[in-house]
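J.: Structure below; questions to follow.
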Amino acid sequence: MLAPIIRKIIQNKTVMVERYLPSKGNLFVQKGDRLEPFQKLGDCMHSPSSVYFPKEFEPVKFLREKVYFQKGNLLGKLGAKKITAEENGYMSFDDASGEYFFEDMPVKFTLLSGLWGEVSDIVPESSVLIKTTVAEVDLVACTPNFSFGELVVFPNPTEILEKFYLESFVKSTEGKIVYVGHYADLDTIKKAHDLKISAIVAGSADPVGFSYAKSANIGLGVLSGFGKLETPDFVYKLFNSVAYRHVFFHGDLGVLRIPMSGTEEETAPSKKKKTALKVMRKVIKKVMRGQKVQVLQKPHFGKIGIIDRVSVSSIFVRFDNELGPVEIDLPNFFIIE
1 MLAPIIRKII
11 QNKTVMVERY
21 LPSKGNLFVQ
31 KGDRLEPFQK
41 LGDCMHSPSS
51 VYFPKEFEPV
61 KFLREKVYFQ
71 KGNLLGKLGA
81 KKITAEENGY
91 MSFDDASGEY
101 FFEDMPVKFT
111 LLSGLWGEVS
121 DIVPESSVLI
131 KTTVAEVDLV
141 ACTPNFSFGE
151 LVVFPNPTEI
161 LEKFYLESFV
171 KSTEGKIVYV
181 GHYADLDTIK
191 KAHDLKISAI
201 VAGSADPVGF
211 SYAKSANIGL
221 GVLSGFGKLE
231 TPDFVYKLFN
241 SVAYRHVFFH
251 GDLGVLRIPM
261 SGTEEETAPS
271 KKKKTALKVM
281 RKVIKKVMRG
291 QKVQVLQKPH
301 FGKIGIIDRV
311 SVSSIFVRFD
321 NELGPVEIDL
331 PNFFIIE
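For what it's worth, full-length UniProt numbering labels the leading residue of the sequence shown as 1, then goes sequentially.
Rendered as structure tokens:
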């Protein structure tokens with residue numbers, strides 16, 4: 001009997017990562033430099049946020065050059081509604097779009113490496129290309145966002161606990177990437193958006209929540225699929241081991257990249273490991289006793305268990321909370337590696 005394989009983690013993968021300044025500035029590293037996560041790459045002056053107003057917006061005064069406004073000053077009107085400056089900043093007119101826009105006062109932005117590696121190339125005043133080693137976690141579905149931030153890992157909780165944890169992190173979630181547990185429902189995704197979380201990762205989600213995340217421009221990555229599916233325990237253990245490390249959410253590539261330190265244990269694979277990496281291209285595998293599988297058959301849909309024995313057209317799987325093995329028909333399962 002053969003079954004499809006889902007591989008969740010690729011260890012010790014060498015990749016090139018570009019770290020860039022949001023505006024032109026100064027870079028402090030050179031080609032060939034060795035880097036650590038909190039090493040300063042460069043800095044620049046950058047406006048944290050900018051707002052474009054609709055063409056119906058009537059400014060308090062006609063302007064074409066950049067004009068300074070203090071917080072609370074009247075910028076203009078949009079119909080009967082008065083628009084005031086939320087922060088100190090400048091209002092300008094964009095000739096290309098024909099719209100007025102307001103941007104906050106520029107502040108100093110410091111670019112950190114965020115990973116271990118070596119500087120491979122530099123674009124002066126703009127960006128640094130870094131050769132690094134990562135563990136790459138596969139996301140079976142994700143929104144096409146990119147974000148870089150600290151990984152916050154919640155327990156695999158009930159829905160009530162999910163909301164409790166999100167509320168308790170309310171003051172420190174902005175810009176972070178959060179693993180929220182086995183399942184992310186619509187309410188949890190909306191709450192994450194309200195808290196300005198840059199991306200959330202979960203074992204599973206429903207299509208409605210996924211569509212909302214896409215429309216709200218929030219990163220959402222699903223590890224196992226749609227419905228209520230569990231996160232594989234070895235993926236959760238990896239997340240726990242690197243909690244609060246800065247990671248890269250690549251929605252366009254369908255992966256979560258976790259920078260590794262480059263120690264001998266992490267980056268120098270043995271012959272056995274190299275052989276395993278070569279076999280990774282296979283998409284099906286012979287079904288055998290002792291393999292870990294995710295089940296797609298009710299009433300055990302989404303659960304992960306261990307194959308106890310194999311018959312002609314079905315397998316018997318042991319789950320943690322079951323007294324004995326449960327029969328699962330082919331093709332209602334896949335092998336997890």
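From the three backbone atoms N, C-alpha and C, an ideal C-beta is built for every residue, glycine too.
(1) Thinking just about the alpha-carbon of each residue, which of K190, Y179, G117 and P37 is nearest to the one in K13?
(2) Assign H246 to one of three DSSP states: helix, strand, or coil.
(3) Could you tell me which whole alpha helix (DSSP H) segments of length 4 or greater appear in the stretch 162-230?
(4) Runs of 3 residues minimum, wholly inside the stretch 83-133: which ones carry the beta strand (DSSP E) assignment?
(5) Out of V119, Y68, F102 and I315, which one is the CA nearest neighbour of G295?
(6) Find the nearest neighbour of D308 within the set L151, G290 and F301, judged by alpha-carbon distance.
(7) Could you give the DSSP three-state label for K298: helix, strand or coil?
(8) What would DSSP say about V235, mapped onto helix, strand or coil?
(9) Would you mind stating whether L148 and V247 have Cβ atoms separated by less than 9 Å?
(10) Just curious, the beta strand (DSSP E) that F333 is in, first and last residue?
(11) Count the other C-beta atoms from every protein chain shown that fall within 10 angstroms of the C-beta of P22, then say buried if there are 16 or more, exposed otherwise.
(12) Quick test of the definition: if touching needs 3 or more C-beta pairs under 8 Å, does the stretch 68-81 touch the stretch 130-137?
(13) So, helix, strand or coil for N240, using DSSP?
(14) At the level of alpha carbons, what is the spacing between V119 and R19?
(15) Just tell me which of E56, N88 and V128 has its CA closest to the CA of D43.
(16) Could you tell me the distance, in whole angstroms, from the CA atom of S29 to the CA atom of L41?
(17) Straight-line CA distance for E65 to E58?
(18) Are any of the Cβ atoms in chain C nearer than 9 Å to that of V29?
(19) Okay, do the stretch 197-211 and the stretch 177-186 touch, 3+ Cβ pairs below 8 Å being the bar?
(20) Going by the CB atoms, is the gap between I177 and H193 shorter than 9 Å?
(21) Which residue comes first and which comes last in the beta strand (DSSP E) that contains E18?
(22) By the 10 Å Cβ neighbour count, where 16 or more other Cβ atoms means buried, how is E102 classified, buried or exposed?
(23) When burial is assigned at 16 or more other CB atoms within 10 Å of the CB, is G305 buried or exposed?
(24) Decide if V208 is buried, meaning its Cβ has at least 16 other Cβ atoms within 10 Å, or exposed.
(25) Using DSSP's beta-bridge definition, name the partner residues of R318.
(26) Judging by CA-CA distance, which residue of L223, F146 and V107 is the nearest neighbour of G25?
T.: Short version:
(1) Start at 1 with the first residue of the sequence shown, and residue 13 comes out as number 13. It is G117 whose Cα lies nearest to the Cα of K13.
(2) The count along the sequence shown starts at 1 and reaches residue 246 at position 246. DSSP places H246 in strand when its eight states are reduced to three.
(3) 186-194 and 207-215
(4) 89-94, 99-104, 107-112 and 117-123
(5) Residue mapping note: residue 295 aligns to position 295 of the sequence shown, counting from 1. The identity of residue 295 in the sequence shown is Val, whereas the question assumes Gly. Answer by Cα proximity: I315.
(6) Along the sequence shown, one-based indexing puts residue 308 at 308. Closest by alpha carbon: G290.
(7) In the sequence shown, the residue the question calls residue 298 occupies position 298. Note: K298 maps to coil in three-state DSSP.
(8) By 1-based counting over the sequence shown, the position of residue 235 is 235. In the structure shown, V235 sits in a helix (DSSP, three-state: H, G or I).
(9) Working through the sequence shown from its first residue, we reach residue 148 at position 148. Working through the sequence shown from its first residue, we reach residue 247 at position 247. Residue identity check: residue 148 is Phe in the sequence provided, not Leu. Closer than 9 Å, so yes.
(10) Counting from 1 along the sequence shown, the entry for residue 333 is found at position 333. F333 to I336 is the extent of the beta strand (DSSP E) around F333.
(11) The sequence position of residue 22 within the sequence shown is 22, counting from 1. It counts as exposed.
(12) no
(13) Position 240 of the sequence shown, counting from 1, holds the residue named residue 240. Of the three classes helix, strand and coil, the one that applies to N240 here is helix, per DSSP.
(14) As a working note, residue 119 is residue 119 in the sequence shown. As a working note, residue 19 is residue 19 in the sequence shown. So the alpha carbons of these two residues sit roughly 10 Å apart.
(15) If you number the sequence shown from 1, residue 43 lands on position 43. Checking every option, the nearest Cα to that of D43 belongs to V128.
(16) Here residue 29 is taken as the residue at index 29 of the sequence shown, counted from 1. Here residue 41 is taken as the residue at index 41 of the sequence shown, counted from 1. Rather than Ser, the amino acid found at residue 29 in this sequence is Val. Near 6 Å, if we compare the C-alpha coordinates of L41 and V29.
(17) Here the question's residue 65 lines up with position 65 in the sequence shown. Here the question's residue 58 lines up with position 58 in the sequence shown. Taking the straight line from one Cα to the other gives about 16 Å.
(18) Looking for chain C here will not work: only one protein chain is present.
(19) By the Cβ rule, the stretch 197-211 counts as touching the stretch 177-186, because three or more pairs are nearer than 8 Å.
(20) Residue 193 sits at position 193 when you count from the first residue of the sequence shown. Residue 177 sits at position 177 when you count from the first residue of the sequence shown. Not closer than 9 Å, so no.
(21) Indexing the sequence shown from 1 puts residue 18 at position 18. It spans I9 to Y20 - the beta strand (DSSP E) in which E18 sits, taken as one unbroken run.
(22) Along the sequence shown, read from residue 1 onward, the residue named residue 102 stands at position 102. Residue identity check: residue 102 is Phe in the sequence provided, not Glu. By the neighbour-count rule (16 or more Cβ atoms within 10 Å), F102 is buried.
(23) For the purposes of this step, residue 305 is taken as the residue at position 305 of the sequence shown. G305 comes out buried.
(24) Counted from its first residue, the sequence shown places residue 208 at position 208. Exposed, because fewer than 16 other Cβ atoms sit within 10 Å of the Cβ of V208.
(25) What you label residue 318 is simply residue 318 of the sequence shown in a count that begins at 1. Paired residues: I306.
(26) Taking the first residue of the sequence shown as 1, we reach residue 25 at position 25. Considering only alpha carbons, the answer is V107.
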